[in-house]
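For the sequence shown, this note's numbering gives the first residue as 710, with consecutive numbering after it.
Ideal placement from N, C-alpha and C gives every residue a C-beta, glycine not left out.
Below you'll find the structure, written out as structure tokens, and then a few comments.
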Amino acid sequence: QVLDKVLADLQKQAEADPNVSKCLLASIVAGKLLATFEQYLPDMRIARVMPNTPSLVGCGASVFVLNSKCTNEDAAHVEAVMTAVGIAEQVSDEYLLDAVTGLSGSGPAYVYLMIEAMSDGGVRMGLPRATATRLAAQTVLGAGTMVMETGKHPGALKDAVTSPGGTTIAGVHALEIGAFRGTVINAIEAATKRSQELAML
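Dropping the structure here:
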């Protein structure tokens, strides 16, 4: 309802001043389709962007899609803005933003849960809480950086630190018994479906 009011006000401005429609509108409103904006602003170039909260510290992951009126220059402008706070990817199909929401949009919460669980494990094994949390957070940060900077498949990097009969494979085995991989996939699927539901409201 708030968005409808904002768009109605913007529509009035566009009708009063033709220059308004010449602007590029970039939206970060979750679950609102390009068609929603086009109902009010049919002549405007519109970008729909899905950022995530690590953008606040310059480590965001943003994905955007453009409506049919946008140009290559518009794409470059949106990418430039979003790469100022992390990485940016463009998709050609808007429906993929639901999957993006489930993966990178909601993903920080999954990773925070992982860090918290790793910290709890360290505390259970005798580490002080602050130390355990710092080690867990730095391990996640370091592993992510390894994936990004080496370009190697995460499975290959996992294998590189998994010695036969060693401690790492014992821990990986415990995670596999607990359906860690399938649970993460299910979480992304559930969040994606919820994003699709919200778009229909």
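Would residue i and residue j qualify as a contact pair, given that the criterion is a beta-carbon distance under 8 Å?
i      : j      : result
Val809 : Ala735 : no
Thr901 : Asp807 : yes
Phe773 : Val758 : yes
Asn895 : Gly816 : no
Val820 : Val849 : yes
Gly767 : Ser904 : no
Does residue i pass the burial test, meaning 16 or more other C-beta atoms within 10 Å, or should it be called exposed?
i      : result
Asp889 : Before going further, note that residue 889 is Phe rather than Asp in the sequence given. The residue is exposed, with fewer than 16 neighbouring Cβ atoms inside 10 Å.
Met791 : buried
Ser872 : exposed
Leu765 : exposed
Leu750 : buried
Ala797 : buried
Gly811 : buried
For my contact list, residue i and residue j are in at a C-beta cut-off of 8 Å; report their separation, rounded to the angstrom.
i      : j      : result
Ser813 : Ala770 : 4 Å
Ala908 : Leu742 : 6 Å
Val729 : Ala723 : 4 Å
Leu719 : Asp783 : Going by Cβ atoms, the distance from Leu719 to Asp783 rounds to 18 Å, so no, they are not a contact pair.
What does residue i pair with, by DSSP beta-bridge criteria?
i      : result
Phe746 : DSSP output for Phe746 lists no bridge partner at all.
Ala770 : Ile796
query: Do the stretch 872–891 and the stretch 852–862 touch if we need at least three Cβ pairs shorter than 8 Å?
result: no
message: Tell me whether the stretch 836–846 and the stretch 760–778 touch, counting them as touching only if at least three CB pairs, one residue from each stretch, are closer than 8 Å.
response: no
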